[in-house]
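K.L.:
Pasting in a structure now, in C-alpha cells, and then I'll have a few things to ask.
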Amino acid sequence: MRVVFIGPPGAGKGTQAERLVETYTMAHLSTGDMLRAARDAKTEVGLKADRYMSAGQLVPDEIIVAIIAGRLGQPDCGQGYLLDGFPRTIAQAESLDAMLAEKDTPLHVVLELQVPEEELFERLAGRGRADDTPEVIRQRLVAYREQTAPLLKYYGGQELLRSIDGLGSIDEIFQRAKAVLDEFAD
Ligand code: AMP
Numbered sequence: 152m153r154v155v156f157i158g159p160p161g162a163g164k165g166t167q168a169e170r171l172v173e174t175y176t177m178a179h180l181s182t183g184d185m186l187r188a189a190r191d192a193k194t195e196v197g198l199k200a201d202r203y204m205s206a207g208q209l210v211p212d213e214i215i216v217a218i219i220a221g222r223l224g225q226p227d228c229g230q231g232y233l234l235d236g237f238p239r240t241i242a243q244a245e246s247l248d249a250m251l252a253e254k255d256t257p258l259h260v261v262l263e264l265q266v267p268e269e270e271l272f273e274r275l276a277g278r279g280r281a282d283d284t285p286e287v288i289r290q291r292l293v294a295y296r297e298q299t300a301p302l303l304k305y306y307g308g309q310e311l312l313r314s315i316d317g318l319g320s321i322d323e324i325f326q327r328a329k330a331v332l333d334e335f336a337d
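Read in order, the letters of the sequence shown correspond to residues 152 to 337 in the numbering used here.
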C-alpha cells in the first residue's frame with residue numbers, strides 16, 4: 152500500500168505514522184527524519200538543509216525530490232510505504248506523480264490529519280524540540296498554510312484525499328486512520 156500522510160506540524164503525524172507502519176507492511180519514509188540524520192552526520196546536503204530547517208522554512212524542492220527518488224528505489228519500498236512529510240509543495244507532488252507514473256505504482260490514498268491551527272501552536276510550543284522557538288513555530292505554520300495546504304485540493308482533484316479528525320486520544324486517532332487504511336490494505 153502506498154500512502155501519503157499529510158497534516159500540519161504539531162498534528163501528531165509522527166506518532167501515528169510509527170503505529171501505522173507497525174500495523175501494515177510499508178516502509179516509513181519521513182523526510183524530516185532523513186534530513187535530521189543528514190544534518191547530524193554533517194553531510195553537504197544535511198548542512199545545506201539545516202539553514203532552512205532551523206528557520207522553519209521548507210528545504211528547496213530539488214534537494215527533497217532527489218532524496219525521495221533515491222529512497223523509493225530501495226528494495227523495502229517495493230512492499231509499499233507511508234510518505235510522512237512529503238510532498239510538501241505542489242512541485243514536489245508533481246515530481247512524485249511523475250516518478251510513480253514511470254514505475255506504474257500509483258498512490259492508493261492520501262490521508263490528511265486535521266487539527267485546527269490554534270491548537271497547533273500550543274502543542275508545538277509545549278513539545279520543546281530545539282528548533283521550536285515561537286518565531287520558528289510561526290514560520291512552520293505559515294509554510295504549511297501557504298505551501299502545503301494547496302495539496303489538499305490537488306489530491307482532492309485526483310480523488311485520493313481522505314481526511315480524519317486529529318483531535319482526541321492517540322488511540323482514537325489511530326482507529327480513525329486504521330478505518331481508512333483498512334480499505335486499501337491487501
Ligand atoms: P518534519 O519533521 O516533517 O516537521 O520536518 C522538519 C523540517 O524539515 C521542516 O520544517 C522542513 O524544514 C524540512 N522538511 C521536511 N520535509 C520536507 C519537504 N518534503 N520539503 C521541504 N522541507 C522539508
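Cβ coordinates follow ideal geometry from the N, Cα and C atoms, glycine included.
As the structure is a prediction and not an experimental result, all values here were calculated from the model.
Using alpha carbons as the reference points, say which of 153, 163, 152 lies closest to residue 268.
P.N.:
The residue with the shortest Cα to Cα distance from residue 268 is 163.
K.L.:
Examine the Cβ distances between the stretch 301-317 and the stretch 217-228 and report whether three or more of them are shorter than 8 Å.
P.N.:
Touching, no, given that fewer than three Cβ pairs across the two stretches are closer than 8 Å.
K.L.:
Thinking residue 283 and residue 276 are a contact (beta carbons under 8 Å), I'd like their distance in whole angstroms, please.
P.N.:
Correct: roughly 7 Å between the Cβ atoms.
K.L.:
Taking the DSSP output, what are the residues bridged to residue 153?
P.N.:
DSSP lists 232 as partners of residue 153.
K.L.:
Roughly how many angstroms lie between the CA atoms of residue 160 and residue 246, to the nearest whole one?
P.N.:
One C-alpha to the other measures close to 22 Å.
K.L.:
Is there at least one Cβ from chain B nearer than 7 Å to residue 319's Cβ?
P.N.:
The displayed structure is made up of one protein chain only, and chain B is not part of it.
K.L.:
To the nearest whole angstrom, what separates the beta carbons of residue 233 and residue 180, a pair I think is in contact under 8 Å?
P.N.:
So it is a contact: roughly 7 Å between Cβ atoms.
K.L.:
Under a Cβ-count criterion, where at least 16 other Cβ atoms within 10 Å of its own Cβ denotes burial, should residue 188 be classed as buried or exposed?
P.N.:
Exposed, because fewer than 16 other Cβ atoms sit within 10 Å of the Cβ of residue 188.
K.L.:
Starting from the Cα of residue 316, find the closest Cα among 331, 289, 327, 212 and give me that residue.
P.N.:
If we check each option's Cα against that of residue 316, 327 comes out closest.
K.L.:
Flag residue 288 as yes when its Cβ comes closer than 6 Å to any non-hydrogen atom of the ligand AMP, and as no otherwise.
P.N.:
Outside the cutoff, so no.
K.L.:
Using 8 Å for Cβ pairs, my map puts residue 123 next to residue 331. What's the rounded Cβ distance?
P.N.:
Coverage of the chain is limited to positions 152 through 337, which leaves residue 123 absent and any answer about it impossible.
K.L.:
With a floor of 3 residues, list each beta strand (DSSP E) that falls wholly inside the stretch 165-225, ordered by position along the chain.
P.N.:
Those beta strand (DSSP E) runs which fall completely within the stretch 165-225 and span 3+ residues are 178-181.
K.L.:
Using only alpha-carbon positions, find the residue among 287, 206, 242 that is nearest to residue 214.
P.N.:
If we check each option's Cα against that of residue 214, 242 comes out closest.
K.L.:
Rounded to whole angstroms, what is the Cα-Cα separation between residue 158 and residue 271?
P.N.:
Spanning the two alpha carbons is a distance of roughly 11 Å.
K.L.:
Go ahead and pull the three-state DSSP assignment for residue 116.
P.N.:
As shown, the chain starts at 152 and ends at 337. That puts residue 116 outside it, with no answer to give.
K.L.:
So if DSSP puts residue 265 in a beta bridge, which residue, or which two residues, is it bridged to?
P.N.:
Residue 265 pairs with 316.
K.L.:
Going by C-alpha distance, which of 286, 190, 336 is nearest residue 182?
P.N.:
It is 190 whose Cα lies nearest to the Cα of residue 182.
K.L.:
Please find out if some non-hydrogen atom of the ligand AMP comes closer than 6 Å to the beta-carbon of residue 239.
P.N.:
Yes, the Cβ of residue 239 comes within 6 Å of a heavy atom of the ligand AMP.
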